[in-house]
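Below is one structure; the comments refer to it alone.
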């Protein structure tokens with residue numbers, strides 16, 4: 001999926017984690033950062049020393065976020081946005 005050094009992968013993971021947690025907080029959602037982090041590591045194919053239980057919501061948010069950053073060069077089409085809406 002992504003080929004980065006360990007430090008780069010951790011930084012990338014932390015950036016995605018902060019984005020999801022803070023964006024959700026703006027919407028009035030309080031998410032477990034541990035659950036979101038585990039969902040992201042699973043989606044990115046990374047390993048964690050201490051995995052935390054995930055939820056369907058955190059898995060879905062990780063899927064949307066990773067899908068968005070993996071396809072930065074792709075146009076943001078109505079179809080992509082509607083695909084994200086279907087997840088929720």
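In full-length UniProt numbering, the protein residues as written are 1 to 88. Quick reminder that beta carbons are idealized off the backbone N, C-alpha and C, glycines included. Source: prediction; values computed, not measured.
Just the Cα atoms here: how many angstroms apart are residue 20 and residue 5? For the purposes of this step, residue 20 is taken as residue 20 along the chain shown, with counting starting at 1. For the purposes of this step, residue 5 is taken as residue 5 along the chain shown, with counting starting at 1. Taking the straight line from one Cα to the other gives about 23 Å.
Should residue 62 be labelled buried (16 or more other beta-carbon atoms within 10 Å of its own) or exposed? Here residue 62 is taken as the residue at index 62 of the chain shown, counted from 1. Buried is the call here.
I'd like the ranges of any beta strand (DSSP E) spanning at least 3 consecutive residues and lying wholly in the UniProt domain "DUF4172" (5 to 46). none
Straight-line Cα distance separating residue 51 from residue 38: As a working note, residue 38 is residue 38 in the chain shown. As a working note, residue 51 is residue 51 in the chain shown. For residue 38 and residue 51, the distance between alpha carbons rounds to 6 Å.
Can you tell me whether residue 81 is buried or exposed? The criterion is at least 16 other CB atoms within 10 Å of its CB, across all chains shown. Residue numbering aside, residue 81 sits at position 81 when the chain shown is read from its first letter. Residue 81 should be labelled exposed.
Should residue 77 be labelled buried (16 or more other beta-carbon atoms within 10 Å of its own) or exposed? Taking the first residue of the chain shown as position 1, residue 77 is located at position 77. It is exposed - the Cβ of residue 77 has fewer than 16 other Cβ atoms within 10 Å.
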